[in-house]
Amino acid sequence: MFKKYLIVFFVSMVPLIELRGAIPIAAGMGLPFIQYYIIAIIGNMIPVPFIYFFARKILVWGADKPVVGNFFTWCLEKGEKGGKKLFVGIPLPGTGAWTGTLAASILDMNFKSSVLAVMLGVILAGIIMALASMGLFGALGALF
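Here it is, written out as structure tokens:
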């Protein structure tokens, strides 16, 4: 059982997948809702301070480097665009905690306000994904 929770925890930390992937995985493994929801939220939020304080510095530093420059520039541009609509509650790839925090960092937004906005968005996205997962797996269970 502990191994399943670790999977949920680490999947929720992965950029672009985040809890939008972790919650359906947890629901598919038959884990209890409250436990997997909390673990996915925590896992999704752990990278946020690191992204906020270090990502922009690393991306700016690497934007002119030969191997990673194009990718780092793309991340900076995506962060600037994402910052204009800083909303992470939509459970779609590219709208989560990683993108929202990167955008907040690039735009020099207040740390506390940014983290609060990201956390509320993650909580909302988690609820949406949990409800969708329960419905999908409930329907599949009824069929089989």
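Under the working numbering, the sequence shown has 44 at position 43, and the numbering climbs by one with no breaks. No residue lacks a Cβ here, since even glycine has one placed at the ideal position from N, Cα and C.
- Its Cα nearest to that of residue 112, the residue 52 stands out among 52, 7, 78 and 67.
- It is roughly 21 Å from the alpha-carbon of residue 15 to the alpha-carbon of residue 63.
- The continuous alpha helix (DSSP H) containing residue 10 extends over residues 3-12.
- By the Cβ test, the region 109-124 is not in contact with the region 64-76, since fewer than three Cβ pairs between them sit closer than 8 Å.
- Rounded to whole angstroms, residue 65 and residue 29 show a C-alpha spacing of 43 Å.
- If the five residues before and after residue 40 are omitted, its C-beta is found closer than 7 Å to the C-beta atoms of 6, 9 and 10, all from its own chain and listed in chain order.
- Taking C-beta atoms as the reference points, residue 128 and residue 57 fail to come closer than 8 Å.
- Under the three-state reduction of DSSP, residue 31 is assigned to coil, being neither helix nor strand.
- In the DSSP assignment, residue 59 falls within the alpha helix (DSSP H) that extends over 57-63.
- Taking all protein chains shown into account, residue 81 has fewer than 16 neighbouring C-beta atoms within 10 Å of its C-beta and is therefore exposed.
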